[in-house]
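Below: the structure, in structure tokens.
Numbering (my numbering), first residue to last: 49 to 375.
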């Protein structure tokens, strides 16, 4: 196998993952194309699923938690009348049932709100969740049937897109940790006929959409053509990828203090929002910090800093005052 020269870039690559490929295998394919940089994905897609798989390259891997927390949008086809051990059509059929004679799209639309909001959901037995130090799917493949505890998930909305025969199409907007296979199983059970996922496609992660994603074939063609500029351009810069977070600007001295881990007190008017913020220095993104209230003062607390921004330390004045923060 040809080992390509490393393309030293940091940011998010939007991949349109094909079906029947694991998320990790897709990640390794991209790593090979980019010369095997440090990389990770922001949430596994089942092999049966296709669609948007944001991949973090280089230093972006440090900041993946702030991408994982964003809402995700899926479009799914549910095969009603069939239950399987994996909650998708690739699994072994464990029950089949006739559809209710009066089942129509209005019935489905009336039911879906029951699955919205903060709900308790039991993950599939065949999942990558850990239990007892081992992934559940490995235990399931050995014929074990461990009890899978339900957990709290957030489902913002479910929209019925159509019902043709035994196939129900839906669009789901949900938070991290939600299993669409479990949702298909539970919707089918509530309709009285069972159900499993036939097709699943992730359409969006936060503001990132699959329409802007690249296929493996396209990326490989760029590498084969030695079009390094195009491969670099395919990577969304860290600052842009984290654009859903508010940003705070700092001068060189302040940036140097933050990169050293110094907490900065904010003088003047209090900031409008607390929580995670992008920290921006004179040369661009330097890390993530949180706005905290400490004894009535607003404090910028560094949380995860960018090593490539360390040269800004040279611009920090020795003995600079930690109190000097943006107004």
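We treat Cβ as the ideally placed atom computed from N, Cα and C, and that holds for glycine.
Cβ-based burial, residue i [other Cβ within 10 Å; buried from 16]
i: residue 57; result: buried
i: residue 325; result: buried
i: residue 64; result: buried
i: residue 107; result: buried
i: residue 130; result: buried
i: residue 358; result: exposed
i: residue 364; result: Note that residue 364 scores a pLDDT of 45, beneath 50, so its modelled location is shaky and nothing firm can be said.
i: residue 149; result: exposed
i: residue 102; result: buried
i: residue 371; result: Legend: pLDDT at residue 371 = 41, less than 50; position of this residue unreliable, no value from coordinates given.
i: residue 144; result: exposed
i: residue 178; result: exposed
i: residue 161; result: exposed
i: residue 290; result: buried
i: residue 367; result: The pLDDT assigned to residue 367 is 45, lower than 50, so where the model puts this residue is not dependable; a value taken from the coordinates is nonetheless given after this. Residue 367 should be labelled exposed.
i: residue 369; result: Since pLDDT at residue 369 reaches only 43, below the 50 mark, its modelled position is unreliable, and no value is offered.
i: residue 134; result: buried
Spatially closest choice to residue i from the options, by CA coordinates
i: residue 229; options: 269, 173 and 272; result: 173
i: residue 67; options: 80, 84 and 264; result: 264
i: residue 189; options: 140, 279, 218 and 311; result: 140
i: residue 345; options: 280, 221, 296 and 314; result: 314
i: residue 270; options: 72, 78, 59 and 215; result: 78
i: residue 7; options: 75, 323 and 110; result: With the chain running from 49 to 375 in the structure shown, residue 7 is simply not present.
i: residue 128; options: 237, 302, 256 and 330; result: 237
i: residue 113; options: 89, 124 and 133; result: 89
i: residue 82; options: 53, 71, 298 and 73; result: 53
i: residue 110; options: 334, 232 and 347; result: 334
i: residue 260; options: 240, 274, 281 and 241; result: 281
Proximity of residue i and residue j at Cβ, strictly below 8 Å
i: residue 355; j: residue 338; result: no
i: residue 251; j: residue 99; result: yes
i: residue 243; j: residue 142; result: no
i: residue 61; j: residue 283; result: yes
i: residue 292; j: residue 118; result: yes
i: residue 169; j: residue 201; result: yes
i: residue 91; j: residue 286; result: no
i: residue 176; j: residue 183; result: yes
i: residue 199; j: residue 225; result: yes
i: residue 95; j: residue 70; result: yes
i: residue 203; j: residue 167; result: yes
i: residue 220; j: residue 124; result: yes
i: residue 248; j: residue 122; result: yes
i: residue 152; j: residue 211; result: yes
Host beta strand (DSSP E) of residue i (start-end)
i: residue 185; result: From DSSP, residue 185 is part of no beta strand (DSSP E) but of the alpha helix (DSSP H) over 184-189.
i: residue 132; result: 130-132
i: residue 327; result: 323-329
Endpoints, alpha helix (DSSP H) assigned at residue i
i: residue 268; result: 264-272
i: residue 261; result: It is not in any alpha helix (DSSP H) - residue 261 carries neither H nor E in the DSSP assignment.
i: residue 144; result: No alpha helix (DSSP H) holds residue 144; the beta strand (DSSP E) holding it covers 141-144.
Residue(s) in a DSSP beta bridge with residue i
i: residue 98; result: 249
i: residue 384; result: As shown, the chain starts at 49 and ends at 375. That puts residue 384 outside it, with no answer to give.
i: residue 350; result: 337
i: residue 203; result: 165 and 222
i: residue 208; result: 218
i: residue 243; result: 128
i: residue 105; result: 59 and 87
i: residue 284; result: 60
i: residue 65; result: 99
i: residue 345; result: 342
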